[in-house]
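Asks:
Numbering (the UniProt record's numbering), first residue to last: 1 to 294.
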């Protein structure tokens, strides 16, 4: 598989999205600013943040400085943010999003996601995202942390299909059912926590593969995700690791080694839906998404 740091995937609305980028979860504003500047200096083309992270202002500062420092234009960088749980709802999402654009120092984002599916609010939130999209303030809209039932329900009510579902995904949590559902409906899967909160980094089988390929365990995992068609946004606050995480394009995992990592799946989520009770049909409604099956 021929890949490089600029490789993209075409979303279902025709927008090209980088397959690899920088995540900034658990970074304060100053740290996020520096991380974004380093990432852009080392060839990254995508940055992922969220209002919930509390660092949109830092990302905006890093983006503005990084563009100037590297002779880049705004359109050279794919910027993602997310709608905060407390802002969900139609008008509240529209109002909050204006503040997010100001903090990010931009008049549009490339992708905006519903961060979590807040019960009885996510469909109205989606309706607001459709308006944001139609007004050109986002080039694409999607979701995060949506299970199959919630995706079915949202798609039943939506007039625009999500382009992407960002999920916890790593060797120990591979979301096989959700991944299959998204694939069927031409919705990309993007990994948050792609390194498994560090636990996968010390897995003995991945350590053996790292020795085999003369790479770090993080590089092996990122390469596995990219070869598996997963959009990947590893987080780092150290320039050394930002460089290392992107240095995954000079080797390719064999089919057997891909299968080995696939076999590590434990369906081991670090967080799920305790605060987001699903009140719909627990078995799902297959007919709910027939409009998207063509």
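All C-beta atoms in this analysis are idealised placements derived from N, C-alpha and C, irrespective of residue type, glycine included.
Do residue 231 and residue 188 have their C-beta atoms closer together than 7 Å?
Replies: Yes.
Asks: Can you name, in chain order, every residue of its own chain whose Cβ lies under 8 Å from the Cβ of residue 34, other than the five neighbours on each side?
Replies: 62, 237
Asks: Excluding the five sequence neighbours on either side, which residues of its own chain have a C-beta within less than 6 Å of the C-beta of residue 39, listed in chain order?
Replies: 22, 242
Asks: Taking the beta carbon of residue 37 as the centre, do at least 16 other beta carbons fall within 10 Å, making it buried, or is it exposed?
Replies: buried
Asks: For residue 92, report the span of its beta strand (DSSP E) as first-last.
Replies: Element bounds for residue 92: not the beta strand (DSSP E) but the alpha helix (DSSP H), 90 to 103.
Asks: Contact between the region 44 to 53 and the region 70 to 90 is defined here as three or more beta-carbon pairs at a separation below 8 Å; is this criterion met?
Replies: yes
Asks: Taking the alpha helix (DSSP H) that residue 159 falls in, what are its first and last residues?
Replies: Looking at the DSSP string, residue 159 is not in any alpha helix (DSSP H), and its letter there is neither H nor E.
Asks: Cα separation between residue 25 and residue 114?
Replies: 16 Å
Asks: Just to confirm, are residue 81 and residue 118 a CB contact at a threshold of 7 Å?
Replies: no
Asks: What are the boundary residues of the alpha helix (DSSP H) that residue 225 is part of?
Replies: 217 to 227
Asks: Considering only the alpha carbon of each residue, which of 68, 116, 195, 142 lies closest to residue 17?
Replies: Considering only 68, 116, 195, 142, the residue with the shortest C-alpha distance to residue 17 is 142.
Asks: Assuming contact is defined by CB atoms lying nearer than 7 Å, are residue 194 and residue 244 in contact in what I supplied?
Replies: no
Asks: Please report how far the alpha carbon of residue 131 lies from the alpha carbon of residue 90, in whole angstroms.
Replies: 10 Å
Asks: Could you round the C-beta distance between residue 249 and residue 4 to whole angstroms and report it? I think they count as a contact, below 8 Å.
Replies: 5 Å
Asks: Using a Cβ-Cβ cutoff of less than 7 Å, which residues in the same chain neighbour residue 197 once the five nearest sequence positions on both sides are dropped?
Replies: Contacts found: 270.
Asks: Excluding the 5 residues preceding and the 5 following residue 8 in the sequence, name in chain order all residues of the same chain whose CB lies nearer than 7 Å to its CB.
Replies: These residues qualify, in order along the chain: 16, 17, 18, 19.
Asks: Can you look up residue 35 in the DSSP assignment and give me helix, strand or coil?
Replies: Annotated three-state conformation of residue 35 is helix, per DSSP.
Asks: Would you call the CB atoms of residue 116 and residue 145 closer than 7 Å?
Replies: yes
Asks: Ordered along the chain, which non-local residues of its own chain (more than five positions away) have a Cβ less than 7 Å from that of residue 216?
Replies: 210, 244
Asks: Starting from residue 142, trace the alpha helix (DSSP H) in both directions and tell me its first and last residue.
Replies: Taken as a continuous stretch (DSSP letters only), residue 142 belongs to no alpha helix (DSSP H), being part of the beta strand (DSSP E) at 141 to 144.
Asks: Indicate the three-state DSSP secondary structure (helix, strand or coil) for residue 5 in the structure shown.
Replies: coil
Asks: Rounded to a whole number of angstroms, what is the C-alpha to C-alpha distance between residue 311 and residue 101?
Replies: With the chain covering only 1 through 294, there is no way to say anything about residue 311.
Asks: Give the DSSP-derived three-state secondary structure of residue 135 in the structure shown.
Replies: Secondary structure of residue 135 (DSSP, three-state): coil.
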